[in-house]
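Q: Right, I'll just put the structure down here and ask away after.
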Amino acid sequence: MNLLQKLMNLPIEERAEKGIEYTPSEIESQPRLWMKNFKILEKREDEIRSFLEAKIFSRRSPRVILAGAGSSAFIGLASENLFRSKWQLDVEARATTDIVTHWSSVFLRGADNTMISFSRSGNSPESIGAVTLINRLCGKTNHIIVTCNKEGRLATAETDRDKTLLLLLSEETNDKGLAMTSSFTTMLTTAQFLASIDDLEKYREVISDLSGATGKIFEDYSATIKEISELDFNRVLFLGSGCLYGCAGESNLKLQEMTDGKIICKADTFMGVRHGPEAIIDDKTIVVYFLSTDPFVRRYELDLLKEINLKGIGMKKIVICNRADGEIERCVDHAIEFDKNDAFRVPDSYRPVMDVTVGQLMGLFKSLNLNLKPDNPSERGIISRTVRGVRIYDYETFMKKGRFKVAFE
């Protein structure tokens, strides 16, 4: 029994007192939910394929925006390269927090724009604002809505059905804990399904392998991750390349959220961290490497592992990789290996749904170590499940009359 299951099996009164009624089970359920979601989407394959063909693939100048706020924005970063390589189209990840303020530089008026919106609740003011704004100002825009909440505003809004495809995930993915865990990864598997629409037989194998490997990480490494999380550190640096940079970004947010900002985190790429951010690594810093399986990319990454090791900086270094050989082991303190038997055949571009669970576990265990409540760790109420207090202003009223009119909050 892994440590997640032990937490889940505590008496309900103790779980409520510790603030772990939801988060451990929401993390532990992910491998099962990915397979369930795949089957749901598979039943809609013809509908999805027809929409993509009509609204994107057959258009003269298609442009696709992967949009979301907070964790949902990292879904775009963690899948952008996959979409671009699979679809061979102009696909770009842009946060809705940017779109509502700089929409005109995101959506090109002469392009056939499609926005794929990711939102757990479907009630994020920025996500609703982005959809509303683009519908008013960019007549050619089509929408794919990916959400976990059937009662959210994105799911229930009256839309032009010819221009909108709603992909509603199962209710189980609508996390009750503050931090997005199963909602993040299952929406990300939905993005991967869309990107892989022309090779779903292969993607079935990929998601099955990811599900099995993630279960093994929970079983084999949850105790190690708990041990690391109980060290006296105050900073964590997550590093990843390509789609794994999106994974690093989400891991950074997850640990920072679940520790109420007591642990300061940063995400960067292996190649980018030398250009200044490496300065944050001190003797209170944990460095987490999401190491590529691509031998060409890995060569660059190993150079950085060696460099940081030779400099003697960082409290502990952790690597998440398929297998750790001697070269890797000499540079790290802990290796989390997901392919010891050389049977895993999943490219890096699909790995974020698995790798990010390490960041989730670090967040959960460090939150408990700091005597916080993982389900709702924000003691001062600074952050909440759905962002509140954001006003979305009517752009047309401002342009025509020079005054600010609140469209909604």
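Under numbering that gives the first Met the number 0, residues 0 to 408 are what the sequence shown spells out, in order.
Quick reminder that beta carbons are idealized off the backbone N, C-alpha and C, glycines included.
Since the structure is predicted, the reported quantities are computational estimates derived from the model, not experimental observations.
1) For D308, which residues from the same chain have a beta carbon less than 6 Å from its beta carbon, with the 5 sequence-adjacent residues on both sides left out?
2) Going by C-alpha distance, which of L81, I327 and N321 is nearest A342?
3) Between the beta-carbon of V296 and the beta-carbon of L238, is there less than 9 Å?
4) So the candidates are R379, A247, I98 and G311; which of them puts its Cα closest to the Cα of I74?
5) Does DSSP classify S348 as helix, strand or coil?
6) If you measure between the beta carbons of D293 and K316, is that distance less than 9 Å?
7) D144 and V105 look like a contact to me (Cβ under 8 Å); what is the Cβ gap, rounded to whole Å?
8) Only counting the same chain, and skipping five residues up and downstream in sequence, which positions put a Cβ closer than 7 Å to that of L6?
9) Once you ignore the five residues that flank E16 on each side, which residues in its own chain have a CB closer than 8 Å to its CB?
10) Using 10 angstroms around the beta-carbon of H101, count the other beta-carbons present and answer buried if the total reaches 16, otherwise exposed.
11) DSSP three-state call for P30: helix, strand or coil?
12) Please name the residue, chosen from K253, L303 and I216, that lies closest to H274 on a Cα-to-Cα basis.
13) Between A266 and the rest of its own chain, which residues show a CB-CB distance below 6 Å, the 5 nearest in sequence each way excluded?
14) May I ask you to check if the CB of K201 is nearer than 8 Å to at least one heavy atom of the ligand ATP?
15) Spell out a yes or no on whether the region 174-183 and the region 361-374 are touching, meaning 3 or more CB-CB pairs, one atom from each, closer than 8 Å.
16) Given a threshold of 16 other Cβ atoms within 10 Å of its Cβ, counted over all protein chains shown, does A92 qualify as buried or as exposed?
17) Within the same chain, show all residues whose beta-carbon is closer than 7 Å to that of W86, passing over the 5 residues directly before and after it, in chain order.
18) Ends of the alpha helix (DSSP H) at A156?
19) Would you kindly report the start and end of the unbroken beta strand (DSSP E) that includes Y21?
20) Along the alpha helix (DSSP H) that carries V105, what are the first and last residues, could you check?
21) Quick check: E116 and T95, are their CB atoms within less than 9 Å of each other?
22) My understanding is that F347 touches L243, with C-beta atoms under 8 Å, so please give their C-beta distance in whole angstroms.
23) For C137 versus R160, is the C-beta spacing smaller than 9 Å?
24) Could you tell me the distance, in whole angstroms, from the CA atom of V318 to the CA atom of L132?
25) What is the DSSP secondary structure of S291, counted as helix, strand or coil?
26) So the alpha helix (DSSP H) A247 belongs to, where does it begin and stop?
27) Looking at the strands, I want to know which residues DSSP matches up with G358.
28) Name the two residues that bound the continuous alpha helix (DSSP H) containing G311.
29) Identify which residue in K54, Y299 and I279 has its Cα closest to the Cα of T163.
30) How about S70 and K253: do their beta carbons lie closer than 9 Å?
31) Specify the secondary structure class of P376 as computed by DSSP and reduced to three states.
32) From which residue to which residue does the alpha helix (DSSP H) around T189 run?
A: Well, looking at it:
1) Indexing the sequence shown from 1 puts residue 308 at position 309. A quick correction: the sequence has Asn, not Asp, at residue 308. C330, listed in sequence order.
2) Taking the first residue of the sequence shown as 1, we reach residue 342 at position 343. Here the closest residue by C-alpha is N321.
3) Residue mapping note: residue 296 aligns to position 297 of the sequence shown, counting from 1. Residue mapping note: residue 238 aligns to position 239 of the sequence shown, counting from 1. Contact flag unset, no.
4) For the purposes of this step, residue 74 is taken as residue 75 along the sequence shown, with counting starting at 1. Ranked by how close their Cα comes to the Cα of I74, the residues R379, A247, I98 and G311 have A247 in first place.
5) Position 349 of the sequence shown holds residue 348. Helix at S348.
6) Position 294 of the sequence shown, counted from the first residue, corresponds to residue 293. Position 317 of the sequence shown, counted from the first residue, corresponds to residue 316. Contact: no.
7) The sequence position of residue 144 within the sequence shown is 145, counting from 1. The sequence position of residue 105 within the sequence shown is 106, counting from 1. Contrary to the premise, residue 144 reads as Ile rather than Asp in this sequence. Cβ atoms of I144 and V105 stay farther apart than 8 Å, at about 18 Å.
8) Stepping through the sequence shown from its first residue, residue 6 is reached at position 7. These residues qualify, in order along the chain: I19 and P23.
9) As a working note, residue 16 is residue 17 in the sequence shown. None.
10) Position 102 of the sequence shown, counted from the first residue, corresponds to residue 101. Classification of H101: exposed, given that the 10 Å Cβ count is below 16.
11) Taking the first residue of the sequence shown as position 1, residue 30 is located at position 31. In this structure, DSSP gives P30 a helical state, which the three-state scheme calls helix.
12) Translated into positions along the sequence shown, residue 274 becomes position 275. Taking each of K253, L303 and I216 in turn and checking the Cα distance to H274, the smallest one comes out for L303.
13) On the sequence shown, residue 266 is found 267 positions in, with the first residue counted as 1. Exclusion of the five residues before and after A266 leaves F237, A247, G248 and N251 as the residues of its chain whose Cβ lies within less than 6 Å of its Cβ.
14) Ligands displayed in this structure: none; no statement on the ligand ATP is therefore possible.
15) When Cβ pairs closer than 8 Å are counted between the two stretches, the region 174-183 is seen to touch the region 361-374, the count reaching three or more.
16) Indexing the sequence shown from 1 puts residue 92 at position 93. The C-beta of A92 has 16 or more other C-beta atoms within 10 Å across all chains shown, which makes the residue buried.
17) Position 87 of the sequence shown holds residue 86. Around W86: A194.
18) Your numbering for residue 156 matches position 157 in the sequence shown. Looking at the DSSP string, A156 is not in any alpha helix (DSSP H), and its letter there is neither H nor E.
19) Counting from one through the sequence shown, the residue named residue 21 turns up at place 22. For Y21, there is no enclosing beta strand (DSSP E), as DSSP marks it with neither H nor E.
20) One-based indexing of the sequence shown puts residue 105 at position 106. Unbroken alpha helix (DSSP H) run through V105: T95 to V105.
21) Residue numbering aside, residue 116 sits at position 117 when the sequence shown is read from its first letter. Residue numbering aside, residue 95 sits at position 96 when the sequence shown is read from its first letter. Correcting the residue type first, residue 116 is Ser in the shown sequence and not Glu. S116 places its beta carbon less than 9 Å from that of T95.
22) Position 348 of the sequence shown, counting from 1, holds the residue named residue 347. Position 244 of the sequence shown, counting from 1, holds the residue named residue 243. Sequence inspection shows Asp at residue 347; the Phe mentioned does not correspond to that position. Between L243 and D347 the Cβ distance is about 6 Å, and since that is below 8 Å, they are a contact.
23) What you label residue 137 is simply residue 138 of the sequence shown in a count that begins at 1. What you label residue 160 is simply residue 161 of the sequence shown in a count that begins at 1. Not a contact, by the Cβ cut-off of 9 Å.
24) Residue numbering aside, residue 318 sits at position 319 when the sequence shown is read from its first letter. Residue numbering aside, residue 132 sits at position 133 when the sequence shown is read from its first letter. Taking the straight line joining both Cα atoms gives about 42 Å.
25) Numbered from its first residue, the sequence shown carries residue 291 at position 292. Reduced to three states, the DSSP call for S291 is coil.
26) Residue 247 sits at position 248 when you count from the first residue of the sequence shown. C242 to M257 is the extent of the alpha helix (DSSP H) around A247.
27) Counting from 1 along the sequence shown, the entry for residue 358 is found at position 359. DSSP links G358 through a beta bridge to no other residue.
28) Locating residue 311 in the sequence shown gives position 312, counting from the first residue. Per DSSP, G311 lies in no alpha helix (DSSP H) segment and is marked neither H nor E.
29) Position 164 of the sequence shown, counting from 1, holds the residue named residue 163. Nearest option by C-alpha distance: K54.
30) Numbered from 1 along the sequence shown, position 71 holds the residue referred to as residue 70. Numbered from 1 along the sequence shown, position 254 holds the residue referred to as residue 253. Closer than 9 Å, so yes.
31) Sequence index remark: in the sequence shown, residue 376 carries index 377 (1-based). Of the three classes helix, strand and coil, the one that applies to P376 here is coil, per DSSP.
32) As a working note, residue 189 is residue 190 in the sequence shown. Per DSSP, the unbroken alpha helix (DSSP H) holding T189 starts and ends at S181 to A194.
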